[in-house]
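Reading through the structure tokens given below for one structure.
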Amino acid sequence: MGYLNGFAVTLKKLLHNTATGEVVTTQYPEEKRPKPDRLHGRHVLNRYEDGMEKCIGCELCAGVCPARCIYVRGADNPIDEPVSPGERYGYVYEINYLRCIHCDLCIEACPTEAITESKLFEFSFTNRQDAIYTKAELVVDDEGNPKHLPWEDWSDAETAHPRTSAWVRATAPSGSAAYENRVAWSGELGWGVRAPEPGQTAEDPMPVPAADDHDDHDHDHHDNDHGGGH
Ligand code: SF4
Ligand code: SF4
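With this note's numbering, the residue at position 40 of the sequence shown is 969, and numbering never jumps.
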């Protein structure tokens, strides 16, 4: 008999909506609901303000990906025409969207915030090859925004806030606990430094550990290591 309670809920909601004129059905795709701030969508490969690519071809993203859907090959930067500020750059970069589960571990792992995700999830393919995004699709344009590809359905909301930047990361930049929950996102072409999240303040200065603290910390570690090892 318990299922009758479910019918009662539906009936109650129907009567309520009829009385108030409230409509809960969204006419997709004409009407799109605002995306949550932290929605994990299609990736982008970011560039610095001077146009250089942030990816240094370290392959950490590929190594951490549980779906094994990232393929990266790094190469030495050409001396006369470097692609990234690092020694190396991402020569080949591919993401297979037939496998990606949008867990964002790649973003967590990236040391340079090169890879982040936009809010776009409305894209589809008719063959397997098209599901593999390469640098041609992933690297942002000259304004720092994701390329709008013909088979992607970008809405106004996604275009107004095209990138999630690295703020979807749960961990701190560079993995330092001192930077956890601090506003430390790098500036990005066409977007700027991201506003602080709720509970954070832009004015709150980032604590820079004193050299002595570092030494003490290191010594502590060594002491602990030493103690633990014997
Ligand atoms: S979001 Fe997750 S599954 Fe997708 S490419 Fe990144 S690490 Fe792999
Ligand atoms: S996207 Fe980031 S983690 Fe992946 S290869 Fe480039 S720099 Fe390394």
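Glycine residues also receive a C-beta, built at the ideal position from the N, C-alpha and C atoms.
Just so we're clear, the structure is a prediction, and the values are computed from it rather than from any experiment.
Can we count residue i as close to ligand 1, meaning its CB is less than 7 Å from some heavy atom?
i: proline 1075; result: no
i: leucine 1034; result: yes
i: proline 1079; result: no
i: proline 965; result: no
i: valine 993; result: yes
i: alanine 1060; result: no
i: alanine 948; result: no
i: alanine 996; result: yes
So does residue i have its beta carbon nearer than 7 Å to some heavy atom of ligand 2?
i: threonine 1041; result: yes
i: isoleucine 985; result: yes
i: leucine 989; result: yes
i: valine 1001; result: yes
i: isoleucine 1030; result: no
i: isoleucine 1024; result: no
i: alanine 1038; result: yes
i: isoleucine 1044; result: yes
i: glycine 1019; result: yes
Are the C-beta atoms of residue i and some chain D residue less than 8 Å apart?
i: proline 995; result: The question asks about chain D, but that chain is absent: this structure has only one protein chain.
Could you tell me how far apart the beta carbons of residue i and residue j are, in whole angstroms, since I believe they sit closer than 8 Å?
i: glutamate 982; j: valine 1001; result: Not confirmed; about 12 Å, so no contact.
i: glutamate 1161; j: asparagine 975; result: The structure shown does not extend to residue 1161, since the chain spans only 930 to 1159, so no value can be given for it.
i: proline 1040; j: leucine 989; result: 7 Å
i: histidine 972; j: leucine 1067; result: 6 Å
Among all the DSSP beta bridges, which residues are the ones paired with residue i?
i: aspartate 1005; result: Arg1017
i: isoleucine 999; result: Ile1024
i: isoleucine 1061; result: Asn1025
i: valine 873; result: Residue numbering for the chain in the displayed model covers 930 to 1159; residue 873 lies beyond these limits and cannot be assessed.
i: phenylalanine 1052; result: Glu1081
i: valine 1068; result: Leu974
i: glutamate 988; result: Its beta-bridge partners do not exist; DSSP assigns none.
i: glutamate 982; result: Arg976
When you compare only the Cα positions, how much space is there between residue i and residue j?
i: glycine 986; j: serine 1047; result: 21 Å
i: lysine 961; j: tryptophan 1083; result: 11 Å
i: aspartate 1033; j: glutamate 1081; result: 20 Å
i: threonine 955; j: aspartate 979; result: 42 Å
i: aspartate 1009; j: cysteine 1029; result: 36 Å
i: aspartate 1085; j: lysine 941; result: 35 Å
i: valine 993; j: isoleucine 1036; result: 10 Å
i: histidine 945; j: proline 965; result: 27 Å
i: glutamate 1023; j: serine 1053; result: 17 Å
i: proline 1079; j: tyrosine 977; result: 25 Å
i: aspartate 1071; j: alanine 1065; result: 13 Å
i: asparagine 1006; j: alanine 1038; result: 22 Å
i: glycine 935; j: leucine 943; result: 12 Å
i: arginine 1057; j: threonine 939; result: 41 Å
i: threonine 1055; j: leucine 933; result: 43 Å
i: glycine 1003; j: cysteine 984; result: 9 Å
i: alanine 991; j: glycine 931; result: 49 Å
Item checked: contact_flag[the region 1052-1062, the region 1009-1018] where n(CB pairs < 8 Å) is 3 or more -> no
Item checked: Cβ contact check for the region 934-951 and the region 983-999: 3 or more pairs under 8 Å -> no
Item checked: Touching by the beta-carbon criterion (3+ pairs, under 8 Å), the region 1074-1088 and the region 1039-1055 -> yes
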